[in-house]
Amino acid sequence: MQNREIAAIFNELADLLEIKGENPFKVRAYRNAARTLESIGKPVEEMVAEGKDLSILPGIGKDLAEKIKEILRTGKLQKLDNLKKEIPEALRALLSIEGLGPKRVKVLYETLHISDPDALKEAALHHEISKLPGFGPKTEEKILKGIRLLKQEGVRFLFAEAEPIVEELIAYLQKAPGILTIEAAGSFRRKKETVGDVDMLCTAKEPPKVIDYFTKFSQVLEVISAGTTRSTVVLKNSLQIDLRVVEKESYGAALHYFTGSKTHVIAIRQIAIDLGLKINEYGVYQKEQKVAGLTEKDVYESVHLPVIPPELRENRGEIEAAAKNRLPNLITLEDIRGDLHMHTTYSDGMDTLETMVKTAIAKNYTYIAVTDHSATLAVVKGLDAQKALKQFEEIEKLRERYAPFHIFKGMEVDILEDGSPGMEDDILKQLDIALGAIHSKFKLTRKAQTKRLIKAIQNPYIKGIAHPTGRLIGKRAPLELDFKEICKAIKEEGKFLEINAQPERLDLNDVLIKEAREKGVKFSIATDAHASGQLSYMRYGINQARRGWLEKEDVVNTKSLETLVKFLK
DNA sequence: GCCGTTTTCGGCCCGACTGTTTTCAGTCG
34 MQNREIAAIF NELADLLEIK GENPFKVRAY RNAARTLESI GKPVEEMVAE GKDLSILPGI
94 GKDLAEKIKE ILRTGKLQKL DNLKKEIPEA LRALLSIEGL GPKRVKVLYE TLHISDPDAL
154 KEAALHHEIS KLPGFGPKTE EKILKGIRLL KQEGVRFLFA EAEPIVEELI AYLQKAPGIL
214 TIEAAGSFRR KKETVGDVDM LCTAKEPPKV IDYFTKFSQV LEVISAGTTR STVVLKNSLQ
274 IDLRVVEKES YGAALHYFTG SKTHVIAIRQ IAIDLGLKIN EYGVYQKEQK VAGLTEKDVY
334 ESVHLPVIPP ELRENRGEIE AAAKNRLPNL ITLEDIRGDL HMHTTYSDGM DTLETMVKTA
394 IAKNYTYIAV TDHSATLAVV KGLDAQKALK QFEEIEKLRE RYAPFHIFKG MEVDILEDGS
454 PGMEDDILKQ LDIALGAIHS KFKLTRKAQT KRLIKAIQNP YIKGIAHPTG RLIGKRAPLE
514 LDFKEICKAI KEEGKFLEIN AQPERLDLND VLIKEAREKG VKFSIATDAH ASGQLSYMRY
574 GINQARRGWL EKEDVVNTKS LETLVKFLK
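Here's what the structure looks like:
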């Protein structure tokens, strides 16, 4: 049982309790616990197995610790099952309709016996909703709109999908009348691998004019709200954007607040309270006196901390590290000297080897590794021994032509079910960088999958593991692995784990990167480019690495050519 | 239901926006 499955049970319980009209603080307690479960890296199942007390976790007390154990033991929660007999589960779906919260859902259920979106639509079309006390024609209209916009639960955008839209919107808003500054906050600023919506923050001479201009952005499908300082719209691609206009004097406090994460902000506010201060989105206050708020730096200084980079603001130890002045010196894109994973027309890449070389040189890289697929991978035409030898020849020619730029002979070698590489040793031993990668048999048991990967790591020719967990965000779950054992093997063998920068892979995730780093694992950050343009995906890998607390020294492709060659040997 | 350097009770973030109502409740972030 995974943490997020337990979190889902708590969230469901919270929804139903809320509709029932339970104490809102109790409801929040369940939600807080769910958030804790989602954000801690370690499975609570392991903690229980180790005999650890779960109530050490923030937001989890005696009662919830017991409920978690019940879920782990029985796979379900009696309290939730009981509640479902009282309140139809389907009512939850109504909560995700814009403008409908627990109170209104309760009224709709108790008066009109509406328990699903279809019945709700019927009732709205027959103008039954507007007759209810507290409801009116506008609400009815809004509900119909909300049903049309009803998003499936948990639809999030890949960071790389949101990025161009945010850039376009910023360019547009920079032309708004009287605009002073404009910036994206929220999970986008924290460079999270997926974003649910985008929070934008600006300062302006006449806020209402900017709001008006914002709602006229060409991609806007629906204006949800538009006040004097704040507006929410949904774009044609269903991405929601919130814009807030704030006073210049409050900008730092607002930026901190809207950048989040929620748990980070709460933790910072708690420190402020302990110091006799109060932080809100407008500033830092001592009694009634505002003492800071202009910049984020001022906000952090008020609680005696250095500025914490947005990528780290997840309440995963960054505040403690900041207090001890031990924040990592995070890696940057400029630290990268080369790319160690890419494909060419020798396998499933779109561009020739030489084009990849030229593009890498234009990026001021010192080296690349060309890593086409081995032929065992049935879905793509890969390299057999003969084709590999032909590629070696071309690489040697290009090395001469483009010296001192260096091209490593590499290969993305399929790891077979038994953990052996899908390429003969005779070829493997001629490679500088063989990356092991799993492309099949994703469903092996945790034990078998771990054994398979460790065997590959121990293979003397394999230097690193590409996209280690095999996940595709929103599409394919990560492999079942004993990650601790994987890290141990990587470290013992002096190998590296790849952080794959493809936007829908971003594999490893931030939590695993941090965990591996703490165990002394080295990483590569590589694009797995299948076209020369994708070499610029490196920035997404950097985002992920920063969220995983990596410094330059943790990453092998920040090293000079000489040092990297030594490392590979 | 959680939590504690005002501790075992009594707090728990709170302001903006909207719609319905006429001073406020519900929702949202």
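This note's numbering puts the first residue of the first sequence at 34, with every later residue one more than the last. Beta carbons are placed, not taken as given, at the ideal position from N, Cα and C, and that holds for glycine.
Discussion item. Can you tell me which residues form a DSSP beta bridge with L416?
Written reply: DSSP output for L416 lists S407 as bridge partner(s).
Worksheet item: Going by DSSP, which residues form a beta bridge with R346?
Response: For R346, which the question treats as bridged, DSSP gives no partner whatsoever.
Worksheet item: Just to confirm, are K524 and V544 a CB contact at a threshold of 7 Å?
Response: Contact flag unset, no.
Fill in: Among T409, F556 and G507, the one whose alpha carbon lies nearest that of R189
Comparing C-alpha distances from R189 to each of T409, F556 and G507 shows the shortest one belongs to G507.
Worksheet item: What are the partner residues of A259, as DSSP defines its beta bridges?
Response: Listed as beta-bridge partners of A259 by DSSP are S264.
Discussion item. Below 8 Å on the Cβ atoms is my contact criterion, and I expect L276 with Q252 to pass it. Report the Cβ-Cβ distance as a whole number of Å.
Written reply: Not really, about 13 Å apart at Cβ, beyond 8 Å.
Item to complete: Decide if the stretch 115-128 is in contact with the stretch 86-103; the criterion is three or more beta carbon pairs, one per stretch, under 8 Å apart.
Response: No: fewer than three Cβ pairs fall under 8 Å.
Worksheet item: Which term fits P197, buried or exposed, when burial requires 16 or more other beta carbons within 10 angstroms of its beta carbon?
Response: P197 is exposed by the Cβ-count criterion.
Worksheet item: Looking at L594 and T392, is the spacing between their C-beta atoms short of 7 Å?
Response: Not a contact, by the Cβ cut-off of 7 Å.
Item to complete: Can you tell me which of I471, K139, K178 and H146 puts its alpha carbon nearest to the alpha carbon of G167?
Response: Of the listed residues, the one whose Cα sits closest to G167 is K139.
Fill in: Rounded C-alpha distance that separates N542 from E173
Those two C-alpha atoms are separated by around 42 Å.
Worksheet entry | Check whether E203 and I215 have beta carbons under 7 Å apart | According to the sequence displayed, residue 203 carries Ile and not Glu. I215 sits close to I203, with the two beta carbons spaced by under 7 Å.
Item to complete: Quick one: measure Cβ to Cβ for L431 and Q482, integer angstroms, because I've assumed they're closer than 8 Å.
Response: Contact between L431 and Q482 does not hold, since the beta-carbon distance rounds to 37 Å and is not under 8 Å.
Worksheet entry | Cβ-based burial, D307 [other Cβ within 10 Å; buried from 16] | With fewer than 16 other Cβ atoms within 10 Å, it is exposed.
Discussion item. Within 10 Å of its beta-carbon, does D458 have 16 or more other beta-carbons around it, so buried, or fewer, so exposed?
Written reply: That one is exposed.
Worksheet item: Are T377 and D417 touching if we call contact CB-CB under 7 Å?
Response: Using a Cβ distance threshold of 7 Å, T377 and D417 do not count as a contacting pair.
Fill in: Rounded straight-line distance, which links the Cα of D114 to that of N36
Between N36 and D114, the C-alpha separation is close to 19 Å.
Worksheet item: What residues in its chain sit with their C-beta under 7 Å from that of E186, if we drop five residues either side in the sequence?
Response: In this predicted model, E186 has a pLDDT of only 48, less than 50, meaning its place in the structure is not dependable enough to derive any value.
Worksheet item: Candidates I532, K281, G219 and K484: which alpha carbon is nearest R346's?
Response: Of the candidates I532, K281, G219 and K484, the one whose C-alpha sits nearest the C-alpha of R346 is G219.
Discussion item. Quick check on the DSSP output: the beta strand (DSSP E) that includes Y318 runs from which residue to which?
Written reply: Run containing Y318: G316 to Q319, per the beta strand (DSSP E) assignment.
Worksheet item: How about K442 and L468: do their beta carbons lie closer than 7 Å?
Response: The beta carbons of K442 and L468 sit no closer together than 7 Å.
Worksheet item: Where do the N-terminal and C-terminal ends of the beta strand (DSSP E) with F556 fall, by residue?
Response: Where F556 is concerned, the enclosing beta strand (DSSP E) stretches over K555 to A559.
Worksheet item: Candidates K517, V228, T261 and K592: which alpha carbon is nearest K242's?
Response: Ranked by how close their Cα comes to the Cα of K242, the residues K517, V228, T261 and K592 have T261 in first place.
Worksheet item: With DSSP run on the structure shown, which of helix, strand or coil describes E186?
Response: Here the model assigns E186 a pLDDT of 48, short of 50, so the residue's position is not dependable, and the following value carries that caveat. The three-state reading of DSSP puts E186 in coil, since its state is none of H, G, I, E or B.
Practice prompt. Assess, as a yes-or-no matter, whether the stretch 365-374 is touched by the stretch 396-404 under the definition of 3 or more beta carbon pairs within less than 8 Å.
Written response: Contact holds: three or more Cβ-Cβ distances are below 8 Å.
Worksheet item: Are Y435 and V403 touching if we call contact CB-CB under 7 Å?
Response: Judged by their CB atoms, Y435 and V403 are not nearer to each other than the 7 Å cut-off.
Discussion item. Given this structure, state the Cα-to-Cα distance separating K311 from V332, to the nearest angstrom.
Written reply: Straight-line Cα distance between these residues: approximately 11 Å.
Fill in: Beta-carbon contacts of P511 that lie in its chain and below 7 Å, excluding the five residues immediately before and after
The beta carbon of P511 is closer than 7 Å to those of T502, G503 and R504 in its chain, skipping five residues each way along the sequence.
Item to complete: Please confirm if the stretch 446-454 is in contact with the stretch 486-499, defined as three or more CB-CB distances below 8 Å between the two stretches.
Response: Output reads yes: the stretch 486-499 touches the stretch 446-454.
Practice prompt. For my contact list, A522 and I546 are in at a C-beta cut-off of 8 Å; report their separation, rounded to the angstrom.
Written response: No, A522 and I546 are not in contact; Cβ-Cβ is about 17 Å, not under 8 Å.
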